[in-house]
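Numbering (mature numbering (1 follows the signal peptide of the UniProt record, and there is no 0)), first residue to last: -22 to -1, 1 to 128.
Here's the structure, in structure tokens; my notes come after.
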């Protein structure tokens, strides 16, 4: 009976640990009609092979007027990426076709949400990453740091 109890406790701990790790690999960020994200920093442990990010738009304005997306890149690549957002246009979610873009969501309007899952295999804890909204004019205020932790 003690052995069975020990096995059940150990199994429960393993399930709880795997759920905690899975939750570490799921991120949520919210944008609003005031051109703000609710977080200025996001991080994931290197143990996450994939990350699922959910972007929610808590505002009421349509995506053509106040749309938001979420773009991840190296901090050093952000300026080059934002130079191409106007030519990319809304039909391409204001994301230029560039290998400097690590991951991005589609543009959403008020009351909408979207999710993406992306691999972290190529990300390094030693690299500086940034996330930002590439809707024209938003990236100057809607941005933050993305960290990969050991």
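Idealized CB from N, CA, C, for every residue including glycine.
By alpha-carbon distance to residue 46, the top candidate from 98, 56, 8 and 61 is 8. Of the residues assessed, residue 51 falls on the buried side of the cut-off, its CB having 16 or more other CB atoms within 10 angstroms. Taken through DSSP and simplified to helix, strand or coil, residue 72 comes out as coil. At least 7 Å separates the beta-carbon of residue 112 from that of residue 64.
Relative to residue 37, the option among 44, 58, 88 and 82 whose CA is nearest is 88. Residue 90 has its alpha-carbon roughly 16 Å from the corresponding atom of residue 12.
In the three-state reduction of the DSSP assignment, residue 54 falls in the helix class, which pools H, G and I. Residues 51, 52, 55, 58 and 59 of the same chain have their beta carbon placed closer than 8 Å to that of residue 78, with the five preceding and five following residues left out of the count. A direct Cα-to-Cα measurement between residue 120 and residue 49 gives close to 10 Å. Boundaries of the beta strand (DSSP E) harbouring residue 121: 121 to 127, taken from the DSSP string.
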